[in-house]
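Novice: Here you go, one structure.
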Amino acid sequence: MIKQSMDYDLEGNFIRMWVPELREIPGSKIHSPWMLSSGALSAANVRLGQNYPNPVVVAPEWSRHQREGKESGHGGRGHGIPKGGNQRGIDFYFKNPGTKK
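Going by my numbering, the sequence shown opens with residue 1, and the numbers climb by one from there.
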């Protein structure tokens with residue numbers, strides 16, 4: 001879900017429209033509010049576990065994906081193949097056991 005929102009709604013405008021609890025989070029940080037500092041969350045009036053749920057699972061792959069997205073500077077859908085190959089969609093979650101990274 002997070003990858004889809006980053007690909008199709010890079011600045012989070014759709015999220016802001018439908019999730020008012022996150023409306024004050026700036027820019028693309030809205031896609032992963034649990035990664036913000038407590039000060040940034042307070043400034044946006046977000047209280048994890050109170051007015052917005054804590055994440056169920058935080059996969060280690062997401063921190064890598066977020067860094068790559070920032071470094072590549074692509075603006076979402078239709079801006080070429082992501083840096084590092086063609087890892088998209090289901091390939092992002094499940095790697096073929098026979099492939100090496």
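Quick reminder that beta carbons are idealized off the backbone N, C-alpha and C, glycines included.
Using only the alpha-carbon positions, how far apart do I2 and H31 sit?
Specialist: Near 6 Å, if we compare the C-alpha coordinates of H31 and I2.
Novice: Take the Cβ of K39 as the centre, count every other Cβ of all protein chains shown within 10 Å, and call the residue buried at 16 or more, exposed below.
Specialist: Residue identity differs from the one stated: residue 39 is Gly in this sequence, not Lys. The residue in question, G39, is exposed, as its Cβ has fewer than 16 Cβ neighbours within 10 Å.
Novice: Look at V46 and I15 and say whether their C-beta atoms are less than 8 Å apart.
Specialist: No. Outside cutoff.
Novice: Considering only the alpha carbon of each residue, which of M17, M35 and P60 lies closest to P53?
Specialist: It is M35 whose Cα lies nearest to the Cα of P53.
Novice: Just to confirm before moving on: does the CB-CB distance between G12 and S37 stay below 8 Å?
Specialist: No. Outside cutoff.
Novice: In angstroms, rounded to a whole number, what distance separates the CA positions of N51 and E21?
Specialist: Between N51 and E21, the C-alpha separation is close to 7 Å.
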